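Have a look at the structure below, then the notes.
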Amino acid sequence: MAETQLLDGLGRRVDYLRMSVTDRCDFRCVYCMAEEMTFLPRQQILGLEEIARLAKLFVEQGVKKIRLTGGEPLVRRGIVGLCQDIAALPGLRELVMTTNGSQLVKLAQPLADAGVKRLNISLDSLNPVKFRAITRTGDLHQVLDGIEAARRAGFASVKLNVVVMKGRNADEVPDLVDYAVQRGLDISFIEEMPLGHVGRSRGEAFCSSDEVRTLIGQRYNLIDSTENTGGPARYARIEGHPDSRVGFISPHSHNFCSTCNRVRMTAEGRLLLCLGHENSIDMRALVRRHPTTDEPLLKALHGALQRKPARHEFASNGDVQVLRFMNASGG
Ligand code: SAM
Ligand code: SF4
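Laid out in structure tokens, this is it:
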């Protein structure tokens with residue numbers, strides 16, 4: 014029997030689902046949130062069982078990889094049990110998670126035991142004062158301890174994510190690479206995306222991947238690689254350090270839409286076809302209206318995929334075109 018596949022209107026195969034399990038977070042990163050945030054009322058957020066049902070439905074339709082994200086996924090109560098349920102879905106190749114690391118001292122091992130394969134951990138600075146300024150509430154040492162707990166917990170990989178901003182952490186790029194290299198971790202540098210009004214202009218802090226590459230070049234020799242981990246990062250090897258790679262995620266300077274293989278589910282159950290577009294379908298309404306039959310959900314899903322946009326349209330001046338905050342859509 015032919016394998017079930019989700020194909021969009023342009024023939025791209027969608028086998029990767031990112032699910033935001035909460036819009037809440039214990040941090041308020043300057044690029045992601047405003048200082049004062051109003052979070053969604055709880056009844057508007059998908060329940061854990063609703064998330065598990067949607068995950069199952071997508072996997073039955075050919076999704077091979079699910080990433081749980083947020084907000085901060087580890088502030089959602091019941092997250093470990095949810096991971097266990099999703100990881101056990103037949104046909105799913107891997108369940109992975111993106112986290113800010115603040116809860117990993119206590120949760121790294123339970124997550125690994127529940128079947129989470131890989132973790133991406135955000136780490137924007139190694140300086141406690143700057144780290145606090147970027148995250149507004151975060152404690153660097155808690156996160157560094159969390160990274161160590163994750164390294165011990167037996168994940169297939171632990172990777173680091175850095176959003177680079179001029180005047181905030183661009184000067185630390187080579188030190189962050191040192192940190193990754195000393196631990197044999199991969200590290201990806203992300204260009205800031207204009208999602209939501211965060212109370213400042215984004216253009217002035219914008220640091221392109223090419224600029225980040227030049228900064229790293231002051232200390233390391235990077236060798237381009239064609240490796241692909243199924244995401245938008247372009248990877249480079251680091252001469253003399255075979256255990257680490259440097260990734261560049263460049264939504265502005267290198268458009269990766271033509272190979273896009275993903276869709277996103279927001280915490281309130283909106284299926285987003287593209288991070289750079291507002292159009293979405295309300296899966297929560299369908300889940301609640303049809304508690305026992307999947308047919309209407311499948312019809313909506315396949316119909317929506319036909320309308321997945323060809324590409325995002327972030328302006329190069331960093332202006333906001335998408336009013337959602339990143340925490341609502343889950344990176
Ligand atoms: N709270 C978790 C974390 O910070 O890793 C998961 C959710 S967070 C929204 C997912 C990723 O999106 C993080 O790596 C974060 O740095 C990144 N991110 C958030 N806002 C961004 C923005 N405006 N531009 C680029 N990356 C952003
Ligand atoms: Fe929270 Fe992650 Fe957004 Fe930072 S990037 S505020 S940790 S959701």
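In this note's numbering, the protein residues as written are 14 to 344. Where a beta carbon is used, it is the ideal one built from N, C-alpha and C, also for glycine. Small disclaimer: the values here were computed from a predicted structure and weren't measured.
Rounded separation between residue i and residue j - CA only
| i | j | result |
| --- | --- | --- |
| A280 | Q122 | 25 Å |
| V194 | N292 | 40 Å |
| G94 | R66 | 14 Å |
| S257 | K143 | 25 Å |
| E85 | I251 | 31 Å |
| L336 | P141 | Only weak support exists for where L336 lies, its pLDDT of 46 falling under 50; the value from the coordinates is given anyway. Near 31 Å, if we compare the C-alpha coordinates of P141 and L336. |
| E147 | C45 | Note on residue identity: the sequence assigns Ile, not Glu, to residue 147. Near 10 Å, if we compare the C-alpha coordinates of C45 and I147. |
| R301 | T112 | 28 Å |
| E63 | G128 | 20 Å |
| T239 | L139 | 29 Å |
| L136 | R181 | 13 Å |
| K8 | V118 | A question about residue 8 goes unanswered here, because the residues of the chain that appear run from 14 up to 344. |
| R149 | R41 | 6 Å |
| L105 | V27 | 13 Å |
| H303 | L20 | 24 Å |
| R297 | T305 | 14 Å |
| F415 | I262 | Residue 415 cannot be examined here, being either before or after the span of the chain that is shown, 14 to 344. |
| L61 | P255 | 40 Å |
Other residues of its chain near residue i: CB distance less than 8 Å, five sequence neighbours each side excluded
| i | result |
| --- | --- |
| G22 | L318, Q319, R320, K321 |
| C96 | L81, L108, M110, L124, A127, G128, V129 |
| R145 | G151, D152, L153 |
Nearest-angstrom beta carbon gap, residue j and residue i [assumed within contact, 8 Å]
| i | j | result |
| --- | --- | --- |
| G114 | I92 | Their Cβ separation, rounded to whole angstroms, is 14 Å, which puts G114 and I92 out of contact at 8 Å. |
| R90 | V34 | Not quite, the Cβ-Cβ distance comes to about 10 Å (not below 8 Å), so this is no contact. |
| L314 | Q18 | The Cβ separation is near 13 Å, so there is no contact. |
| R232 | P187 | 4 Å |
Spatially closest choice to residue i from the options, by CA coordinates
| i | options | result |
| --- | --- | --- |
| E185 | A68, K69, R226 | R226 |
| G253 | N234, N274, L70, I262 | N234 |
| V211 | T51, Q18, S263, Q116 | T51 |
| L198 | G260, T82, V76, K312 | G260 |
| K77 | L61, D98, P309, P103 | P103 |
| L132 | A162, I203, I229 | A162 |
| L189 | P304, I229, M110, F168 | I229 |
| G167 | R55, R297, A125 | A125 |
| D36 | L173, R55, D158 | R55 |
| V43 | V175, I99, H154, R164 | V175 |
| P30 | E205, L108, P255, F219 | With the sequence shown as reference, residue 30 is identified as Leu, and Pro is not the correct amino acid for it. The candidate whose alpha carbon is nearest that of L30 is L108. |
| G159 | Q116, I200, P245 | Q116 |
| S221 | P309, E204, G209 | E204 |
| R275 | I200, E224, R80 | R80 |
| Y248 | S271, E49, C273, I200 | I200 |
| C38 | L53, L59, R25 | L53 |
| V177 | F219, L157, A169, L310 | F219 |
Cβ-based neighbour list, residue i, same chain, cut-off 7 Å, excluding 5 preceding and 5 following
| i | result |
| --- | --- |
| D307 | L70 |
| D332 | In this prediction, D332 has a pLDDT of 46, which is less than 50 and means its spatial position is unreliable; what the coordinates show is noted afterwards. So the qualifying residues of the chain are P207. |
| R164 | V171, R196 |
| D98 | A65 |
| Y192 | L139 |
Close-in-space but distant-in-sequence residues of the same chain around residue i (CB under 6 Å, 5 per side omitted)
| i | result |
| --- | --- |
| L120 | L87 |
| M278 | M32, L284 |
| I294 | L284, A313, A317 |
| Q57 | E281 |
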